[in-house]
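Chains A and B supply the protein sequences, listed in that same order. Residues in the first sequence are numbered consecutively from 1, following the UniProt record's numbering. Residues in the second sequence are numbered consecutively from 1, following the UniProt record's numbering.
Number of protein chains: 2
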Amino acid sequence: MTKISELKDFSECSTTYILAVNDTINVINGKWKAAIISSLFFGKKRYGEIEKDIPKINSRMLSKELRDLEANGIVVRKVYDTIPVGVEYELTESGHAFRKVLDVMLEWGLEHRKNVIGKTI
Amino acid sequence: MTKISELKDFSECSTTYILAVNDTINVINGKWKAAIISSLFFGKKRYGEIEKDIPKINSRMLSKELRDLEANGIVVRKVYDTIPVGVEYELTESGHAFRKVLDVMLEWGLEHRKNVIGKTI
DNA sequence: CTGAATCCTTAATGATACTG
DNA sequence: CAGTATCATTAAGGATTCAG
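Below you can see the structure in the form of structure tokens.
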């Protein structure tokens, strides 16, 4: 099953469906993950570069979110034994594939924004 | 702009991009909204029917989430002046269009699950 | 049947200071 | 440079009770 339309009713929403959708939701939950992933679409980056991309994030949140994303197999962390130490973050294959999710979210968000503004103003 | 690949780097992530993606994230944030929307894909339902579809939700959360979804233009609430009062919830056009977001989330989630299991077991 | 009201617990985020 | 530690604040969620 790869589409909701393949189900007859909600009672058929199998564990698989719920688990897979929740996996995806958990990847982006929180205030910053979508921004961090988006930042890394444009190539591997160092901690400080991501921090500059997302000005209002603080270091505690950035390192926590990066750890989450690493644990979830979305980014990989590479440490270079230089002085001072250099660290680079890069998307995994799954991380890059997440682009299609964000693309659809963007498309739906734009359309929805148009609908709502059309109906409330 | 309707795709991330139309940007050269993250600094071009315009307000439009951020706002639209956040609109979408906010629609499903929280523990229950994806399930509620999915339940309504299969037609308009009454409060109690949704409650039965999602066994572990409690009434405070269900009515709160439904109010959120209504305020965001995802569902409409229709009251029938019967005794006892009947209420039906139904997806708006935007709500139905959200199917494509969930479809991509499902597809990515399944693929990701395969990747991660393949690499950790 | 469809919720609203209240209280409580836990999770998420923020601010600030500090370190190898 | 790339974080960690600590404390404070806010948001999310759960349990229970009650009402039109």
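A virtual CB, placed ideally from N, CA and C, is assigned to each residue, including glycine.
List the whole-angstrom C-beta distance separating Phe10/B from Phe42/A, where the pair is believed to meet the contact cut-off of C-beta under 8 angstroms.
Position 10 of the second sequence, counted from the first residue, corresponds to residue 10/B. Position 42 of the first sequence, counted from the first residue, corresponds to residue 42/A. The Cβ separation is near 5 angstroms, so the contact holds.
Can you tell me whether DSSP reads Lys3/A as helix, strand or coil?
Counted from its first residue, the first sequence places residue 3/A at position 3. Note: Lys3/A maps to coil in three-state DSSP.
Does any residue of chain B have a CB that is nearer than 9 angstroms to the CB of Asn72/A?
As a working note, residue 72/A is residue 72 in the first sequence. So, interface residue.
Please report whether the beta-carbon of Leu106/A lies at a distance below 9 angstroms from any beta-carbon of chain B.
Translated into the one-based positions of the first sequence, residue 106/A becomes position 106. With its beta carbon less than 9 angstroms from one in chain B, Leu106/A belongs to the interface.
Closest by C-alpha distance to Ile37/A, when choosing among Val101/A, Ile117/A, Glu107/A, Lys114/A:
For this step, residue 37/A is matched to residue 37 along the first sequence. For Ile37/A, the closest C-alpha among the options Val101/A, Ile117/A, Glu107/A, Lys114/A is that of Val101/A.
Between which residues of its own chain and Thr24/A is the CB-CB distance below 7 angstroms, once the five residues before and five after are set aside?
Reading the first sequence from its first residue, position 24 is the one you call residue 24/A. Closer than 7 angstroms at the Cβ level, and outside the excluded window around Thr24/A, lie Val101.
So Val27/B and Asn72/B are supposed to be a Cβ contact under 8 angstroms. How far apart are they, rounded?
Here residue 27/B refers to the residue found at position 27 of the second sequence. Here residue 72/B refers to the residue found at position 72 of the second sequence. With a Cβ gap of about 6 angstroms, Val27/B and Asn72/B count as contacting.
Val21/B - DSSP class collapsed to helix/strand/coil:
Translated into the one-based positions of the second sequence, residue 21/B becomes position 21. Val21/B: helix per DSSP, three-state reduction.
By the 10 Å Cβ neighbour count, where 16 or more other Cβ atoms means buried, how is Asp53/B classified, buried or exposed?
To locate residue 53/B, count along the second sequence from 1; it is residue 53. Answer is buried; the Cβ neighbour count reaches 16.
Using the three-state DSSP reduction, which class does Gly118/B fall into: helix, strand or coil?
One-based indexing of the second sequence puts residue 118/B at position 118. Note: Gly118/B maps to helix in three-state DSSP.
Distance check for Ile18/B and Glu107/A, CA to CA, integer angstroms please.
If you number the first sequence from 1, residue 107/A lands on position 107. If you number the second sequence from 1, residue 18/B lands on position 18. Spanning the two alpha carbons is a distance of roughly 12 angstroms.
Does DSSP put Val104/A in a helix, in a strand, or in coil?
The residue you call residue 104/A lines up with position 104 of the first sequence. If DSSP states are grouped into helix, strand and coil, Val104/A belongs with the helices.
May I have the straight-line CA-CA distance separating Ile57/B from Lys8/B, to the nearest angstrom?
Locating residue 57/B in the second sequence gives position 57, counting from the first residue. Locating residue 8/B in the second sequence gives position 8, counting from the first residue. The straight-line gap from Cα to Cα measures roughly 43 angstroms.
Name the DSSP bridge partner or partners of Leu91/A?
Here residue 91/A refers to the residue found at position 91 when the first sequence is read from its first residue. Val75/A.
In whole angstroms, give me the CA-to-CA distance for Val87/B and Thr16/A.
For the purposes of this step, residue 87/B is taken as the residue at position 87 of the second sequence. For the purposes of this step, residue 16/A is taken as the residue at position 16 of the first sequence. Each residue's Cα considered, the two are about 31 angstroms apart.
Inspect the beta-carbon positions of Asn29/B and Asn29/A and report whether they are closer than 9 angstroms.
Position 29 of the second sequence, counting from 1, holds the residue named residue 29/B. Position 29 of the first sequence, counting from 1, holds the residue named residue 29/A. In this structure, Asn29/A lies closer than 9 angstroms to Asn29/B by Cβ.
Under 9 angstroms between the Cβ atoms of Tyr80/B and Ile50/B?
Within the second sequence, the letter at position 80 stands for residue 80/B. Within the second sequence, the letter at position 50 stands for residue 50/B. With respect to the 9 angstroms criterion, Tyr80/B and Ile50/B are not classified as neighbours on the basis of their beta carbons.
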